[in-house]
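> Numbers given in the numbering used here equal positions in the sequence shown, counted from 1, plus 224.
We put the beta carbon where it would ideally sit given N, CA and C, even for glycine.
Small disclaimer: the values here were computed from a predicted structure and weren't measured.
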Amino acid sequence: MRIEEHKSLKNHNTFGIACNARYFVSVETIAELKQALSEKPSEELFILGGGSNMLLTDDLDMFVLHINLKGIEILKETETEVLVKAMAGENWHEFVQYSIAKDFGGLENLSLIPGNVGTAPIQNIGAYGVELKDTIESCNTLEIETLKERKFTKEECEFEYRNSIFKNEAKGKYIITSVTFRLTKNNHKTSISYGDIQKILADKNIETPSIKDISEAVIAIRQSKLPDPKVLGNSGSFFKNPVVDSETFQEFRRNFPEAPFYEVSPTEFKIPAGWLIEKAGFKGQRFGDAGVHKNQALVLVNYGGATGKEIWNLAMEIQKSVKEMTGIFIEPEVNVF
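1. Tell me, to the nearest whole angstrom, how far the beta carbon of N526 is from that of N458; I am working on the premise that it is less than 8 angstroms.
2. Could you please give me the residues that DSSP links to L289 through a beta bridge?
3. With distances taken Cα to Cα, identify the nearest neighbour of K378 among R246, E393 and S362.
4. By Cβ distance, which residues of its chain are closer than 8 angstroms to T432, with the 5 residues on each side in sequence left out?
5. Applying the 10 Å Cβ sphere with the 16-neighbour rule, what's the burial state of I360?
6. For L261, which residues of its own chain have a beta-carbon under 7 angstroms away from its beta-carbon, when the five flanking residues on both sides are left out?
7. Taking the alpha-carbon positions, what's the K294 to A310 distance?
8. May I have the straight-line CA-CA distance separating Q474 from K375, to the nearest angstrom?
9. Ordered along the chain, which non-local residues of its own chain (more than five positions away) have a Cβ less than 6 angstroms from that of S232?
10. Could you spell out the range, first to last residue, of the beta strand (DSSP E) harbouring E305?
11. What is the DSSP secondary structure of M225, reduced to helix, strand or coil?
12. If we count the other Cβ atoms within 10 Å of its Cβ and call it buried at 16 or more, is Q422 buried or exposed?
13. Under the rule that 16 or more other beta-carbon atoms within 10 Å means buried, what is V488, buried or exposed?
14. Cutting at 8 angstroms between CB atoms, please list the residues of its own chain near K409, excluding the five before and the five after it.
15. Is it the case that the Cβ atoms of V251 and I291 are separated by a distance below 8 angstroms?
16. If we ignore side chains and look at the alpha-carbon of each, how far apart do N479 and I554 end up?
17. Look at the alpha carbon of I227 and the alpha carbon of F248, and state the distance between them as a whole number of angstroms.
18. Identify the continuous alpha helix (DSSP H) that holds F405 and give its terminal residues.
19. What whole-angstrom Cβ distance do T414 and N364 have, given they're in contact under 8 angstroms?
20. Residue range of the alpha helix (DSSP H) that S262 falls in?
21. What beta strand (DSSP E) runs, 3 residues minimum, are completely inside the segment 369-444?
22. Just checking my contact of V558 with M225 at CB under 8 angstroms: how many whole Å lie between their CB atoms?
23. What's the call for Q347, buried or exposed, on a 16-neighbour Cβ count within 10 Å?
24. Specify, as a first and last residue, the run of the beta strand (DSSP E) that N364 falls within.
25. Using a Cβ-based criterion (distance less than 7 angstroms to any ligand heavy atom), does T304 qualify as near the ligand MN?
26. What is the rounded straight-line gap between the Cα of E318 and the Cα of E471?
27. Would V523 and S448 be called neighbours here (beta carbons separated by less than 8 angstroms)?
28. What are the boundary residues of the beta strand (DSSP E) that includes I296?
29. With respect to the beta strand (DSSP E) encompassing Y486, which residues constitute its N-terminal and C-terminal limits?
30. Using alpha carbons as the reference points, say which of M540, G515, S434 and T404 lies closest to P451.
Set out below in structure tokens:
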């Protein structure tokens with residue numbers, strides 16, 4: 225374990241923002257993690273995973289702790305289910321592909337989401353009708369202050385839409401070291417209700433899709449809409465899809481009857497943030513090296529030399545314009561530092 229000073233983080237965030245860390249260390253075991261926390265040279269701690277759900281707007285005058293714990297283990301298996309533990313530093317998409325290769329079902333709709341396993345529970349990642357909470361069994365964590373290990377059950381994680389206890393009362397108190405999933409082995413409960421998935425399956429004449437078929441469809445959709453961070457810096461969806469009450473929704477529908485929406489409950493409605501951003505005229509627009517992707521208005525991109533502040537200023541301008549035009553407030557999904 226080696227602590228570095230003034231470490232560049234450009235290759236540690238998917239936006240490709242050129243920022244430096246005052247101190248930096250990458251840990252590969254829980255013993256190293258405990259050692260790093262006990263010997264940290266700075267009181268301010270920054271936990272870094274895959275760097276996929278964050279925007280750096282300045283250098284970090286902190287101790288950046290890169291969680292690089294690796295390993296996948298089958299804990300328990302029956303004829304119908306399997307418990308699989310993945311360490312926090314495992315790449316999320318690679319873990320999904322591992323589960324599909326084993327014919328373990330439940331994660332296929334979450335294919336190609338950037339980031340690592342350990343950061344996935346923090347915001348309860350989700351896509352195409354499936355959320356992490358649908359398959360998670362528990363999270364193993366390390367309490368930063370005491371260095372004691374603690375397991376959080378699914379219920380204790382307090383999952384909500386793009387939210388969890390780790391973004392609220394447990395924020396900054398625990399480091400997720402591994403996540404255990406309960407996956408199916410046969411009679412998979414697949415989710416193919418989204419039109420894009422159905423279209424790809426229909427084009428391939430697939431009536432009874434396997435989890436591999438669904439994964440491949442999701443990958444094709446994401447690749448057609450979302451840029452590869454290795455080619456064009458981005459952090460996936462920058463904004464959450466807003467959920468509004470009945471009164472706000474009815475007013476919105478009077479002004480924009482053509483807008484798509486999803487009924488969350490009889491009194492709550494979800495409106496696609498990408499549609500709102502496109503309606504406000506930002507889709508495909510470029511402002512210096514900061515911009516909005518041409519195929520998906522939810523994605524803000526770095527064309528090479530944008531600073532984090534420039535991307536954040538663009539995000540705030542989008543937020544302001546959408547609110548003024550539609551009356552809907554869109555909240556960033558990305559963590560901003």
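Taking the geometry as given:
1. Here the question's residue 526 lines up with position 302 in the sequence shown. Here the question's residue 458 lines up with position 234 in the sequence shown. 7 angstroms between Cβ atoms; contact.
2. For this step, residue 289 is matched to residue 65 along the sequence shown. V249 and I271.
3. Mapped onto the sequence shown, residue 378 falls at position 154. Among R246, E393 and S362, the Cα nearest to that of K378 is on S362.
4. Mapped onto the sequence shown, residue 432 falls at position 208. Within the same chain, T432 has no close Cβ partners at all.
5. In the sequence shown, the residue the question calls residue 360 occupies position 136. Buried, by the Cβ-count rule.
6. Mapped onto the sequence shown, residue 261 falls at position 37. The residues are I368 and L371.
7. Residue 294 sits at position 70 when you count from the first residue of the sequence shown. Residue 310 sits at position 86 when you count from the first residue of the sequence shown. So the alpha carbons of these two residues sit roughly 8 angstroms apart.
8. The residue labelled residue 474 in the question sits at position 250 within the sequence shown. The residue labelled residue 375 in the question sits at position 151 within the sequence shown. Going from the Cα of Q474 to the Cα of K375 covers about 43 angstroms.
9. On the sequence shown, residue 232 is found 8 positions in, with the first residue counted as 1. Here the set comprises N244.
10. To locate residue 305, count along the sequence shown from 1; it is residue 81. Segment E305 to M311, the beta strand (DSSP E) holding E305.
11. Here residue 225 is taken as the residue at index 1 of the sequence shown, counted from 1. If DSSP states are grouped into helix, strand and coil, M225 belongs with coil.
12. The count along the sequence shown starts at 1 and reaches residue 422 at position 198. Answer is exposed; the Cβ neighbour count stays below 16.
13. Here residue 488 is taken as the residue at index 264 of the sequence shown, counted from 1. So V488 counts as exposed.
14. As a working note, residue 409 is residue 185 in the sequence shown. If we look at K409 and ignore the five residues flanking it on each side, its Cβ neighbours are E301, T302, E303, T304, E305, V306, D327, F328 and G329.
15. Here residue 251 refers to the residue found at position 27 when the sequence shown is read from its first residue. Here residue 291 refers to the residue found at position 67 when the sequence shown is read from its first residue. Closer than 8 angstroms, so yes.
16. Position 255 of the sequence shown, counted from the first residue, corresponds to residue 479. Position 330 of the sequence shown, counted from the first residue, corresponds to residue 554. Their backbone Cα atoms lie some 17 angstroms apart in a straight line.
17. Counting from one through the sequence shown, the residue named residue 227 turns up at place 3. Counting from one through the sequence shown, the residue named residue 248 turns up at place 24. Answer to the nearest angstrom: the Cα atoms are 6 angstroms apart.
18. By one-based count along the sequence shown, residue 405 stands at place 181. Unbroken run through F405 is the beta strand (DSSP E), Y398 to T408; no alpha helix (DSSP H).
19. In the sequence shown, the residue the question calls residue 414 occupies position 190. In the sequence shown, the residue the question calls residue 364 occupies position 140. Incorrect: roughly 28 angstroms between the Cβ atoms, too far for contact.
20. Within the sequence shown, residue 262 is the residue found at index 38, counting from 1. From DSSP, the alpha helix (DSSP H) with S262 extends over I254 to S262.
21. 373-377 and 398-408
22. Taking the sequence shown and counting its residues from 1, the one referred to as residue 558 is at position 334. Taking the sequence shown and counting its residues from 1, the one referred to as residue 225 is at position 1. Actually they do not touch by this definition, with Cβ atoms about 29 angstroms apart.
23. As a position in the sequence shown, residue 347 is number 123, starting the count at 1. With 16 or more other Cβ atoms within 10 Å, it is buried.
24. The residue you call residue 364 lines up with position 140 of the sequence shown. That run of the beta strand (DSSP E) goes I360 to E367.
25. Among the components modelled here there is no ligand, and therefore nothing to report on the ligand MN.
26. As a first step, residue 318 must be located in the sequence shown, where it is residue number 94. As a first step, residue 471 must be located in the sequence shown, where it is residue number 247. Taking the straight line from one Cα to the other gives about 43 angstroms.
27. Against the sequence shown, residue 523 aligns to sequence position 299. Against the sequence shown, residue 448 aligns to sequence position 224. Result no, Cβ atoms of V523 and S448 do not sit closer than 8 angstroms.
28. In the sequence shown, residue 296 corresponds to position 72, counting from 1. Where I296 is concerned, the enclosing beta strand (DSSP E) stretches over I296 to E301.
29. Start at 1 with the first residue of the sequence shown, and residue 486 comes out as number 262. First-last of the beta strand (DSSP E) with Y486: Y486 to S489.
30. Here residue 451 corresponds to residue number 227 of the sequence shown, with the count starting at 1. Cα-wise, what sits closest to P451 is G515.
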